[in-house]
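This report concerns only the one structure given below.
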Amino acid sequence: MRVLDMEQDIALGEIYTDVNILENLTAKQRLGLEDLHCLFNSKLADFERLGWGKAQKRVSGLEAVQGHRKLMIWGKPGAGKTTFLKYIAMECLAERLGTDCFPIFLSLKEFAEKPGKPELLHYINHKFVDAGVKAEIIEKLLNHGKALILLDGLDEVLEKDSHRVISQIQQLADHLHYGKNQFLITCRIAAKEYLFQDFREVEVADFDQEQIEVFVTKWFQSKNPVKAEKFIEKLADNEPIQELASSPLLLTLLCLVFGELTNFPQNRAELYEEGVDILLKRWDGKRGIERDQLYKNLSAKRKEDLLSLIALETFRQGNYFFKQKVAETYIAQFIENLPDAKSDPEALRLDSEDVLWSIEANHGLLVTRAKGIYSFSHLTFQEYFATRKLTLNPTTETLRELVSHLTEKRWREVILLAVEMLEDATELIQLMKQAVDQLLAEDERLQEYLQWLKAKADSLEEEYTAKDIEQITERFSFLAYIKSNQPKIRHLYLYLEFQLDLGLDYLDLHLYLEFSLCLYLDLDLFLLLSLSLDQKFTNLLNKIPPSQILLKEELQSLFAERPDPQNKEPFKQWQKENGKAWAEQLRQIMITHRNIGHDWQFNWQQKDLLEQYHTANILLMECLGREAVIDRGVRAEIENTLFLPISN
């Protein structure tokens with residue numbers, strides 16, 4: 254087999270990954286919008302990426318084949334339907350299906366287009382006779398129910414041939430003798446309401462994490478097994494790309510790209526654009542498949558424009574799932590101005606319904622999630638198309654709309670994509686910086702806090718080596734741009750200090766001080782909070798420079814007061830009676846000698862503002878690290894004023 258831009262064929266057995274099946278079709282589930290949002294935990298206050306299929310019961314594809322004599326197998330574009338049928342044929346030939354059978358694999362597109370329009374039974378006979386198999390052998394197999402008839406791609410049959418092909422399949426399946434054979438039919442989801450009597454309908458499930466890892470390991474095993482490990486590691490750090498990997502077709506694209514770069518592209522928008530291009534044009538085009546199209550003058554670009562409209566309008570409202578009527582309304586608004594659009598409202602409604610069906614069946618970018626409810630196939634594509642709409646002809650107003658969502662988690666990917674997709678992201682970056690600074694501008698106490706952060710960062714700038722900085726930037730990937738520009742290091746300290754001081758609000762005071770002590774005495778910077786301070790204490794003390802001998806002595810004296818934590822009961826009793834006072838002593842020592850551990854006594858509103866400020870600054874830093882066109886002077890100015898108070 255060879256797909257997309259593969260340079261050579263690859264044996265099916267070398268790449269095949271077991272398929273999972275959903276026994277309940279998603280399109281026939283009776284779930285409401287609220288049910289779906291609850292099911293996927295995508296509430297705005299606790300935004301997570303969609304994990305469609307994780308909550309649905311799956312069975313092995315092989316198990317489904319072994320358990321049913323007649324199967325109608327639905328699947329999204331690129332879900333691996335054809336590959337699955339070919340694998341079943343190979344398993345049958347290898348006598349691993351548990352039954353004595355002979356596979357007959359047919360492309361329904363080829364059958365439908367065969368000159369003379371032969372009957373299906375005659376077509377089967379002729380194919381095998383042409384291959385050197387005697388007709389009586391085929392007849393015997395069919396009469397005794399020994400054939401496994403694999404009918405691939407019902408959705409690829411054009412409308413003019415559809416009725417004849419369906420009728421031929423049903424006649425063969427209903428035949429007194431031939432009906433004893435096993436039948437498997439594949440078809441794209443939403444292609445048509447095909448109903449075959451006595452066939453069990455199932456659906457190919459998206460890849461789960463285990464399947465993704467198996468596929469990737471097999472893909473790279475002959476060329477570079479180490480790349481498979483790196484791929485899986487990088488994928489785990491990027492949820493939007495990981496989401497695309499649930500599609501075997503898009504996972505193949507990711508493997509091809511990663512094989513060239515040993516990483517995912519820095520410009521994610523270009524990667525998503527290529528994925529969209531595959532689904533809109535290349536997947537059918539490479540295989541020479543022509544489908545019925547309602548609007549033949551609805552070019553790929555027009556389809557992208559339509560999807561962008563739907564994406565932005567639904568995303569603005571926080572609707573990751575939307576009713577069919579909502580989608581059709583947006584489609585009607587879009588197509589009513591096309592040259593061949595109908596003016597009659599009812600005709601326009603019916604055309605909108607057909608366009609929606611066409612997008613789902615032909616491209617799979619919109620999919621049915623329950624009866625009458627749709628979503629984009631991947632949240633990543635909804636974000637991409639929404640961003641495309643906002644950045645295609647950007648105005649200051651649209652850029653301000655993006656910035657207004659700076660602290661909202663669900664808009665994070667859209668903003669990052671916007672920076673990449675804009676021809677010039679300078680104005681957006683400037684507006685973001687203004688909005689970030691404005692968050693704390695009116696609060697004097699918070700401005701004092703930023704002044705303290707700056708002073709502390711300035712005092713630390715000479716305390717760490719280049720190696721320490723590299724360790725930090727490796728850990729915080731979005732700070733990677735700091736590595737090559739030492740003046741930017743101050744902002745790294747500001748960031749770390751900021752995280753630490755926020756920790757005072759959310760961690761036990763003792764735990765917070767423990768972490769603070771580790772950070773400022775141990776050059777390792779990454780001690781886990783769960784480590785016991787006692788286990789590291791000697792090591793920490795040894796690293797205190799001679800210039801701070803008083804700090805060392807005070808800490809030794811203070812820690813000598815504590816009983817051995819290994820004696821749990823006495824230690825618990827001591828902690829109950831003296832722990833608070835002891836922690837306060839430690840805090841005062843750290844304030845005196847390290848200028849950390851201050852209790853700023855922020856109210857809840859200030860804490861919330863600090864959280865927003867923190868989130869927005871990190872997003873701004875990530876934007877600066879993306880592949881984007883930003884004026885050099887503006888970039889430098891922003892980099893030099895990150896996390897700083899207004900006065901600076």
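In terms of our numbering, the sequence shown has 652 at position 399, counting the first letter as 1, and numbering is strictly consecutive.
Just so it is clear, CB atoms sit at the ideal spot from N, CA and C, and this is done for glycine as well.
Just so we're clear, the structure is a prediction, and the values are computed from it rather than from any experiment.
Determine the direct distance from the alpha carbon of residue j to that of residue i, and round the result to whole angstroms.
{"i": "residue 696", "j": "residue 690", "result": "11 Å"}
{"i": "residue 575", "j": "residue 563", "result": "10 Å"}
{"i": "residue 694", "j": "residue 572", "result": "33 Å"}
{"i": "residue 733", "j": "residue 894", "result": "Bear in mind that the predicted position of residue 733 carries a pLDDT of just 41, short of 50, making it unreliable; the figure below should be weighed with that in mind. If I take the Cα positions, the gap works out to 18 Å."}
{"i": "residue 426", "j": "residue 447", "result": "15 Å"}
{"i": "residue 707", "j": "residue 892", "result": "14 Å"}
{"i": "residue 560", "j": "residue 638", "result": "6 Å"}
{"i": "residue 653", "j": "residue 682", "result": "11 Å"}
{"i": "residue 801", "j": "residue 845", "result": "11 Å"}
{"i": "residue 424", "j": "residue 374", "result": "10 Å"}
{"i": "residue 407", "j": "residue 364", "result": "10 Å"}
{"i": "residue 411", "j": "residue 362", "result": "8 Å"}
{"i": "residue 502", "j": "residue 648", "result": "36 Å"}
{"i": "residue 668", "j": "residue 505", "result": "27 Å"}
{"i": "residue 777", "j": "residue 805", "result": "The predicted model places residue 777 with a pLDDT of 31, which falls under 50 and marks its position as unreliable, so this point remains unresolved."}
{"i": "residue 900", "j": "residue 825", "result": "47 Å"}
{"i": "residue 701", "j": "residue 856", "result": "15 Å"}
{"i": "residue 688", "j": "residue 821", "result": "50 Å"}
{"i": "residue 704", "j": "residue 474", "result": "54 Å"}
{"i": "residue 603", "j": "residue 624", "result": "18 Å"}
{"i": "residue 409", "j": "residue 339", "result": "17 Å"}
{"i": "residue 888", "j": "residue 557", "result": "32 Å"}
{"i": "residue 665", "j": "residue 897", "result": "22 Å"}
Return yes when the Cβ of residue j is within less than 7 Å of the Cβ of residue i, no when it is not.
{"i": "residue 674", "j": "residue 873", "result": "no"}
{"i": "residue 377", "j": "residue 404", "result": "no"}
{"i": "residue 351", "j": "residue 319", "result": "yes"}
{"i": "residue 672", "j": "residue 879", "result": "yes"}
{"i": "residue 328", "j": "residue 500", "result": "no"}
{"i": "residue 274", "j": "residue 342", "result": "no"}
{"i": "residue 525", "j": "residue 577", "result": "no"}
{"i": "residue 272", "j": "residue 314", "result": "yes"}
{"i": "residue 581", "j": "residue 606", "result": "yes"}
{"i": "residue 828", "j": "residue 811", "result": "no"}
{"i": "residue 311", "j": "residue 498", "result": "no"}
{"i": "residue 922", "j": "residue 609", "result": "Limits of the chain in this structure are 254 at one end and 901 at the other, which puts residue 922 out of reach."}
{"i": "residue 533", "j": "residue 553", "result": "yes"}
{"i": "residue 270", "j": "residue 464", "result": "yes"}
{"i": "residue 842", "j": "residue 864", "result": "no"}
{"i": "residue 496", "j": "residue 631", "result": "yes"}
{"i": "residue 678", "j": "residue 882", "result": "yes"}
Nearest chain B C-beta to residue i closer than 7 Å, yes or no?
{"i": "residue 599", "result": "Absent here is chain B; the protein component of the structure consists of one chain."}
For residue i, name the three-state secondary structure that DSSP assigns.
{"i": "residue 583", "result": "helix"}
{"i": "residue 454", "result": "strand"}
{"i": "residue 753", "result": "Legend: pLDDT at residue 753 = 43, less than 50; position of this residue unreliable, value from coordinates given subsequently. In the structure shown, residue 753 sits in a helix (DSSP, three-state: H, G or I)."}
{"i": "residue 347", "result": "coil"}
{"i": "residue 268", "result": "helix"}
{"i": "residue 900", "result": "coil"}
{"i": "residue 542", "result": "In this prediction, residue 542 scores a pLDDT of 49, lower than 50, which makes its location untrustworthy; the coordinate-derived value is nonetheless stated afterwards. In this structure, residue 542 counts as coil in the three-state DSSP scheme."}
{"i": "residue 628", "result": "strand"}
{"i": "residue 449", "result": "coil"}
{"i": "residue 327", "result": "strand"}
{"i": "residue 196", "result": "Not covered by the structure: residue 196. The range shown for the chain is 254 to 901."}
{"i": "residue 621", "result": "strand"}
{"i": "residue 885", "result": "helix"}
{"i": "residue 273", "result": "strand"}
{"i": "residue 400", "result": "strand"}
{"i": "residue 524", "result": "helix"}
{"i": "residue 435", "result": "strand"}
{"i": "residue 356", "result": "strand"}
Assuming residue i contacts residue j under a Cβ cut-off of 8 Å, what Cβ separation, rounded to an integer in Å, is found between them?
{"i": "residue 634", "j": "residue 529", "result": "7 Å"}
{"i": "residue 456", "j": "residue 336", "result": "Residue 456 to residue 336, Cβ: 16 Å. No contact."}
{"i": "residue 517", "j": "residue 323", "result": "Rounded, the Cβ-Cβ distance is 42 Å, inconsistent with contact."}
{"i": "residue 692", "j": "residue 862", "result": "6 Å"}
Practice problem: Please confirm if the segment 476-488 is in contact with the segment 434-444, defined as three or more CB-CB distances below 8 Å between the two stretches. | Solution: Contact between the segment 476-488 and the segment 434-444 is absent, with fewer than three C-beta pairs closer than 8 Å.
Quiz item: Given 8 Å as the limit, is there contact between the segment 651-662 and the segment 587-605, that is, 3 or more CB pairs closer than that?
Solution: no
Self-check item: the segment 347-360 touching the segment 463-476, judged by at least three CB pairs closer than 8 Å
Solution: no
Quiz prompt | Touch test, the segment 418-436 against the segment 392-407, Cβ-Cβ under 8 Å, three pairs minimum | solution = The segment 418-436, when compared against the segment 392-407, does touch it at the 8 Å Cβ threshold.
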